[in-house]
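Beneath this line is the structure, given in structure tokens, with notes to follow.
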Amino acid sequence: MKTVRDLPVEGRRVLVRADLNVPLDGARITDDTRIRASLPTIRYLRDHGAEVIVCSHLGRPKGEVRPELSLRPVADRLAELLGEPVAFDGEAGPVRLLENLRFDPREEKNDPALAAELASLADVFVSDAFGTVHRAHASTVGVAHILPSAAGLLLAAELEAFARILENPEHPFVVVIGGAKVADKIGVIDRFTGLADAVLVGGAMAFTFLAARGVAVGASKHEDADGQEVARRAMADAGERGCELVLPSDVVIAERVEAGAPTQVVAADAIPDGWMGLDIGPETAAAYARRLEAARTIFWNGPMGVFEDPRFAAGTRTVAEAMAEARGFTVVGGGDSAAALAAFGLQNDVDHVSTGGGASLELLELGDLPGLEALRGASNA
Ligand code: 3PG
Ligand code: MG
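Mapping of the sequence shown onto our numbering: residues 2 to 382, in sequence order.
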């Protein structure tokens, strides 16, 4: 795939689709990782004499103007980080950020009229919004069919990291997967049991797997019979493919999630009635860490427990620290696991932290995404 380095940009107007969908508390940006991740492409373009028009969505305003989802605070932060003024929306300037694309109902419909309007602002298009490249929208797909287009530096780096996992990963290849539901991640689990030597399971989904094995999980969150059937099939497939699917041997439990409620560590098959599992236990965490130490390739997606609560953070912390210390090639999926890594201050200690949650999972599962397909089909004039 062509990157921005292959495009003539000197003296040209370049439309950059970035993913500046950052978490906000009112008008305060609580995590600017995605803005920082977009800087290399914008800087590259500025250093090579281009005029830059950046566009992004923020949240899910569903085609309506929602002032609290304005990108204005993002323009201010971008200017700060870039060290150059950033004109906003209708204002003029050599670096400009357009208002939230999803205020316009045509964005998510990939309406050709909006794609044409966006294309009319620029001479070339650079797609750098890895976090949104799984959406077939006017700014991710439509415009790439009109303008000469290429991948930005962030998108290129993301694709390179995922290619190293999907194409000939070095073995042992170990995957750590957590999060709420097996059903949500079965596509990636299925992909990984075909690629990895071991898949280590944590988070609430571990209780669905345990329940599927007939273990009594007390009041732990777990999926119903359908979800358990999905889990059972995943375990059978893993067995056939020679991949070890590893479940927790011990767990941290509590009767209630509320602060002050007593907790204890028990064997995973000894959860008392009415108690719920909220983290993997210390024996499990240590066993997972040993596996990561020996691995040559590691992918991690999803926390091991309710890590936002210090009582249930140890499992996720141990995995995060093991990732940071591992000698193998380490990739962390976006979303919750990236947030967990950052909460422990370890985001600079792994090889790649993805800026895309849903996008990275879909890429791993499907191997291709609409925004990538559109780029490959585009001209690079
Ligand atoms: C994200 O944060 O998941 C991306 O920015 C994409 O947003 P979306 O899930 O609302 O399409
Ligand atoms: Mg999403």
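Glycine included, every Cβ here is placed at the ideal spot set by N, Cα and C.
Here DSSP, grouped into helix, strand and coil, assigns His146 to helix. Sequence-distant Cβ neighbours of Ile166 in its own chain, meaning closer than 7 Å and more than five residues away, are Thr298, Phe300, Val332. With a cutoff of 9 Å on beta-carbon distance, Gly64 and Arg107 are scored as near each other. Residue Arg136 holds the alpha-carbon nearest to the alpha-carbon of Leu362 among Arg214, Ala314, Ala239, Arg136. Every unbroken stretch of the alpha helix (DSSP H) spanning 4 or more residues and falling wholly within the stretch 311–351 is given here in chain order: 315–326, 337–344.
Gly132 is a Cβ neighbour of Ala360, given a cutoff of 9 Å.
Between the stretch 226–239 and the stretch 259–274, the count of Cβ pairs shorter than 8 Å is below three; the stretches do not touch. With fewer than 16 other CB atoms across the displayed protein chains lying within 10 angstroms of its CB, Val258 is exposed.
Cα atoms of Asp350 and Thr356: separation of roughly 15 Å, rounded to the nearest angstrom.
Cβ contact annotation for His49 (same chain, cutoff 7 Å, sequence separation greater than five): Val10, Glu11, in chain order.
A direct Cα-to-Cα measurement between Ala88 and Gly143 gives close to 24 Å.
Two segments are said to touch when three or more pairs of C-beta atoms, one from each, lie closer than 8 Å; by this definition the stretch 51–58 touches the stretch 86–102. Spatial neighbours of Arg377 in its own chain (CB-CB distance under 7 Å, excluding positions within 5 residues in sequence) are listed in chain order as Met2.
The closest heavy atom of the ligand MG lies less than 8 Å from the beta carbon of Gly358. Straight-line spacing of the CA atoms in Arg37 and Leu82 works out to 7 Å. Collapsing the DSSP output to three states places Thr4 in a strand.
The ligand 3PG has a heavy atom closer than 8 Å to the beta-carbon of Asp20. Counted as a single uninterrupted DSSP element, the alpha helix (DSSP H) harbouring Ile166 occupies residues 154–167. Under the three-state reduction of DSSP, Arg67 is assigned to coil, being neither helix nor strand.
Three or more pairs of CB atoms, one per stretch, sit closer than 8 Å, so the stretch 338–350 contacts the stretch 305–318. Residue side-chain check: Gly132 places its Cβ nearer than 8 Å to a non-hydrogen atom of the ligand 3PG. One alpha carbon belongs to Asp77, the other to Arg29, and they sit about 11 Å apart. Across the set Ala120, Ile281, Ile190, Thr4, the C-alpha of Thr4 shows the shortest separation from the C-alpha of Ala151. Annotation: the continuous beta strand (DSSP E) that includes Phe174 extends over 174–178.
Judged by beta-carbon spacing, Val23 lies beyond the 9 Å limit of Leu70, meaning their Cβ atoms are not closer than that value. Distances taken from the Cβ of Gly336 to the heavy atoms of the ligand 3PG include one shorter than 8 Å. Val231 sits in a helix when the DSSP states are folded into three classes. With 16 or more other Cβ atoms inside 10 Å of its own Cβ, Gln229 counts as buried. The straight-line gap separating the alpha-carbon atoms of Asp198 and Pro173 is approximately 6 Å.
Taking C-alpha positions only, Pro68 is separated from Ala339 by approximately 28 Å. Note on the stretch 71–109: whole beta strand (DSSP E) runs with a minimum of 3 residues are 96–98, in chain order.
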